[in-house]
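J.: The opening position of the sequence shown corresponds to residue 18 in the working numbering, with each subsequent residue numbered one higher. Got a structure here, written out as structure tokens. Questions coming.
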Amino acid sequence: MEVDPELQAASGASGKPLKFADTLTTISEEAIFVSESVAALRKLLRSTHSPNSPVPLNDFQRELGVSEVASLQHYLAWIRANGTVVGYAEHANVLEHQTGMEILSLHRARKLAAELTNLQVQSIDMCSNSCIAYTGTRAHLDKCNYISGNKKVECGAPRYRMSKGKKVSCAQFTVLPVMATIRAMFANAETSELLRYRDRCLQRVLALYHNASNTRQSEADSQAEIDAQRMYSDFGDGMVHLHHFSNMGLFQEKRDIAFAISTDGAQLTMKKQSNTWILILIILNLPPEVRYKSNNIIINFATPGPNAPGDIESFL
Numbered sequence: 018m019e020v021d022p023e024l025q026a027a028s029g030a031s032g033k034p035l036k037f038a039d040t041l042t043t044i045s046e047e048a049i050f051v052s053e054s055v056a057a058l059r060k061l062l063r064s065t066h067s068p069n070s071p072v073p074l075n076d077f078q079r080e081l082g083v084s085e086v087a088s089l090q091h092y093l094a095w096i097r098a099n100g101t102v103v104g105y106a107e108h109a110n111v112l113e114h115q116t117g118m119e120i121l122s123l124h125r126a127r128k129l130a131a132e133l134t135n136l137q138v139q140s141i142d143m144c145s146n147s148c149i150a151y152t153g154t155r156a157h158l159d160k161c162n163y164i165s166g167n168k169k170v171e172c173g174a175p176r177y178r179m180s181k182g183k184k185v186s187c188a189q190f191t192v193l194p195v196m197a198t199i200r201a202m203f204a205n206a207e208t209s210e211l212l213r214y215r216d217r218c219l220q221r222v223l224a225l226y227h228n229a230s231n232t233r234q235s236e237a238d239s240q241a242e243i244d245a246q247r248m249y250s251d252f253g254d255g256m257v258h259l260h261h262f263s264n265m266g267l268f269q270e271k272r273d274i275a276f277a278i279s280t281d282g283a284q285l286t287m288k289k290q291s292n293t294w295i296l297i298l299i300i301l302n303l304p305p306e307v308r309y310k311s312n313n314i315i316i317n318f319a320t321p322g323p324n325a326p327g328d329i330e331s332f333l
């Protein structure tokens with residue numbers, strides 16, 4: 018039987034299998050590395066953050082007219098086909114002529130889609146050198162106080178400049194709301210079922226441990242029985258996620274969402290340096306076969322660049 022690398026790493030340098038009772042403790046101490054900045058952020062969130070009040074379901078319900086439905090269907094087909102602006106207008110004219118109903122303009126169709134999904138773009142102030150975003154404990158600042166690793170002085174870039182007698186932001190970045198995307202996915206029957214994949218994997222692992230603990234076997238025999246039946250295939254059934262659930266109290270609800278974060282510079286035009294930085298969120302709740310498809314990736318924000326974000330946590 019092959020030994021999963023993740024479990025082997027958690028077993029320690031000796032390579033001896035973990036005792037059943039010590040499995041999660043060992044994972045906690047040896048396999049999970051948490052930086053000081055992440056630990057500080059965790060402590061801040063746990064002490065100050067409280068869940069929002071439940072959103073009434075009727076906030077997402079509105080009666081659509083026949084013209085609006087047809088326009089949204091046309092708009093969706095246009096997006097999937099990577100159509101041009103001219104192509105949208107030409108096909109809309111054909112539909113109007115054949116059906117006798119109004120097809121909304123591209124601008125109005127986009128506005129309707131944003132209204133229904135609550136995907137409203139936000140612009141947030143940031144340092145002109147991409148050091149920080151003015152959020153959280155920095156929301157009140159008038160200049161950048163970030164100190165990079167190789168410097169001993171603050172950046173000091175001003176937050177505002179004067180334009181026609183008014184204070185305006187020197188730089189901003191664009192943010193798309195994550196929760197609105199997740200709500201829209203749960204509102205769809207197909208994607209709602211897919212988002213429960215992570216929890217199903219976790220529940221299978223928990224059932225193995227529960228069944229083993231109810232037997233009269235020794236700890237070694239119980240662990241051997243678990244190892245014989247357990248399959249490691251993804252984040253949802255890995256030891257790290259089991260540690261999240263059992264030791265940290267996370268992911269207690271089946272609809273809790275796990276993300277992987279990826280960020281990098283993007284070259285939007287040829288023969289130029291990267292002029293924007295993009296952060297994407299990969300939804301680990303989804304099955305692997307659909308997780309990395311472009312329509313399931315959330316683009317959370319984009320900064321003007323060309324510099325990479327300094328304090329990435331202030332942008333999240």
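Just so you know, even glycine gets a beta-carbon here, dropped at the ideal spot from N, CA and C. Model, not experiment: these values are computed from the prediction.
Could you tell me whether the Cβ atoms of N316 and I299 are closer together than 8 angstroms?
T.: In the sequence under discussion, the amino acid at residue 316 is Ile, which differs from the Asn named in the question. Cβ distance not < 8 angstroms, so I316 and I299 don't count as in contact.
J.: State the Cα-Cα distance for the pair N146 and N110, rounded to the nearest angstrom.
T.: Looking at the two C-alpha atoms, the distance is approximately 47 angstroms.
J.: Using DSSP with H/G/I as helix, E/B as strand and the rest coil, what is P305?
T.: Three-state DSSP puts P305 in a helix.
J.: Tell me the DSSP bridge mates of Y177?
T.: S186.
J.: Classify F332 as helix, strand or coil using the three-state DSSP reduction.
T.: Residue state, collapsed to three classes: helix.
J.: List the DSSP bridge partners of T293.
T.: According to DSSP, T293 bridges with A283.
J.: I need the boundaries of the alpha helix (DSSP H) containing T320, first residue and last residue.
T.: Not the alpha helix (DSSP H): T320 falls in the beta strand (DSSP E), residues I314 to T320.
J.: Identify whether L298 lies in helix, strand or coil by the three-state DSSP scheme.
T.: L298 falls in the strand class under three-state DSSP.
J.: In the DSSP assignment, what are the bridge partners of D142?
T.: D142 is bridged to Q189.
J.: Where C144 and G182 are concerned, what is the direct C-alpha to C-alpha distance, given to the nearest angstrom?
T.: Cα-Cα distance, rounded: 21 angstroms.
J.: Within the same chain, show all residues whose beta-carbon is closer than 7 angstroms to that of P326, passing over the 5 residues directly before and after it, in chain order.
T.: Answer for P326: S147, W294, T320 and F332, listed in chain order.
J.: Quick one: what's got a C-beta closer than 7 angstroms to D328's C-beta in the same chain, skipping five residues either side?
T.: If we look at D328 and ignore the five residues flanking it on each side, its Cβ neighbours are C148, I149 and Y163.
J.: Checking 8 angstroms against the spacing of the C-beta atoms, do A126 and Y151 come in under that value?
T.: No, Cβ-Cβ distance for A126 and Y151 is not below 8 angstroms.
J.: Between which two residues does the alpha helix (DSSP H) harbouring E107 extend?
T.: That run of the alpha helix (DSSP H) goes V102 to T116.
J.: Is any beta-carbon of chain D found at less than 8 angstroms from that of R308?
T.: Here there is only one protein chain, and chain D is not present.
J.: For P323 and Q115, what's the separation of their Cα atoms in angstroms?
T.: In a straight line, the C-alpha of P323 is about 49 angstroms away from that of Q115.
J.: Given a cut-off of 8 angstroms on the beta-carbon distance, is the pair R176 and S165 in contact?
T.: The answer is no: Cβ separation not under 8 angstroms.
J.: Look at the alpha carbon of Q90 and the alpha carbon of S250, and state the distance between them as a whole number of angstroms.
T.: In a straight line, the C-alpha of Q90 is about 37 angstroms away from that of S250.
J.: In the structure shown, what three-state DSSP assignment does P326 receive?
T.: P326 falls in the coil class under three-state DSSP.
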